[in-house]
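Those letters in the sequence shown? Residues 32 to 148, per the working numbering, in order.
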Amino acid sequence: MSTESPLPSQSDRLLAALGYPICLVAFLILLTDVKKDPYMRHHGSLALFWSIGWLGLHFAWLVVARLPFLLWTLKLYPLLWPAWLGLSIYYAVQTYDGKTFSIPIVSDWARKYSRLL
Numbered sequence: 032m033s034t035e036s037p038l039p040s041q042s043d044r045l046l047a048a049l050g051y052p053i054c055l056v057a058f059l060i061l062l063t064d065v066k067k068d069p070y071m072r073h074h075g076s077l078a079l080f081w082s083i084g085w086l087g088l089h090f091a092w093l094v095v096a097r098l099p100f101l102l103w104t105l106k107l108y109p110l111l112w113p114a115w116l117g118l119s120i121y122y123a124v125q126t127y128d129g130k131t132f133s134i135p136i137v138s139d140w141a142r143k144y145s146r147l148l
């Protein structure tokens with residue numbers, strides 16, 4: 032007897048996967064009744080906090096890079112968005128395959144604050 036939960040429907044997996052590159056989808060998952068499904072709630076909150084974390088990193092990088100002795104870090108800034116896009120697509124594919132995973136730091140935030148949503 033298997034203890035694995037059944038794989039969510041293809042439409043649920045697609046919707047959850049789209050939450051990683053498109054944060055508005057993750058927000059809508061958490062606003063609607065779809066969030067009652069544990070799989071959708073997990074990936075909706077994880078995708079939303081994934082986007083919030085990268086947005087915070089973006090602004091922090093811009094502020095820190097304005098310091099005279101760290102001005103050279105602005106040259107690395109163009110690598111930030113391709114890294115976000117690549118990782119978002121990777122997590123979207125993992126989600127579409129029906130896998131439940133954790134993202135360092137972000138998963139802890141999502142577990143802690145998703146109860147408030």
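Here a beta-carbon is modelled for each residue, glycine too, at the ideal position from N, C-alpha and C.
Report task. Taking residue 127 as part of the alpha helix (DSSP H), name the residues at either end of that continuous run. Result -> Position 96 of the sequence shown, counted from the first residue, corresponds to residue 127. Residues 111-127.
Query raised in the report: Touch check for the stretch 90-108 and the stretch 40-48: three-plus C-beta pairs under 8 Å?
Result: Touching, no, given that fewer than three Cβ pairs across the two stretches are closer than 8 Å.
Query - Neighbourhood of residue 97 by C-beta, 7 Å cutoff - its chain only, sequence neighbours within 5 removed - result: Along the sequence shown, read from residue 1 onward, the residue named residue 97 stands at position 66. Same-chain partners within the cutoff: there are none.
Query raised in the report: Is the CB-CB distance between residue 48 and residue 74 below 9 Å?
Result: The residue you call residue 48 lines up with position 17 of the sequence shown. The residue you call residue 74 lines up with position 43 of the sequence shown. Here residue 48 is near residue 74, since their CB atoms are less than 9 Å apart.
**Report entry** Contact set for residue 32: own chain, Cβ-Cβ below 8 Å, skip 5 residues either direction
**Finding:** The residue you call residue 32 lines up with position 1 of the sequence shown. Because residue 32 carries a pLDDT of 42, less than 50, the predicted location of this residue cannot be relied on, and no value is offered for it.
Requested in this report: Taking 8 Å as the threshold, find out whether the stretch 54-63 comes into contact with the stretch 87-94 through three or more Cβ pairs.
Outcome: no
Query raised in the report: Quick one: is residue 109 near chain C, going by C-beta distance under 9 Å?
Result: Here chain C cannot be found, since the structure has a single protein chain.
Query - 9 Å Cβ cutoff met for residue 50 and residue 114 - result: The residue you call residue 50 lines up with position 19 of the sequence shown. The residue you call residue 114 lines up with position 83 of the sequence shown. No, Cβ-Cβ distance for residue 50 and residue 114 is not below 9 Å.
Report task. Given a cut-off of 9 Å, decide if residue 52 and residue 138 are closer than it, judged by their beta-carbon atoms. Result -> Within the sequence shown, the letter at position 107 stands for residue 138. Within the sequence shown, the letter at position 21 stands for residue 52. Taking C-beta atoms as the reference points, residue 138 and residue 52 fail to come closer than 9 Å.
Requested in this report: May I have the straight-line CA-CA distance separating residue 70 from residue 135, to the nearest angstrom?
Outcome: Counting from one through the sequence shown, the residue named residue 70 turns up at place 39. Counting from one through the sequence shown, the residue named residue 135 turns up at place 104. Near 18 Å, if we compare the C-alpha coordinates of residue 135 and residue 70.
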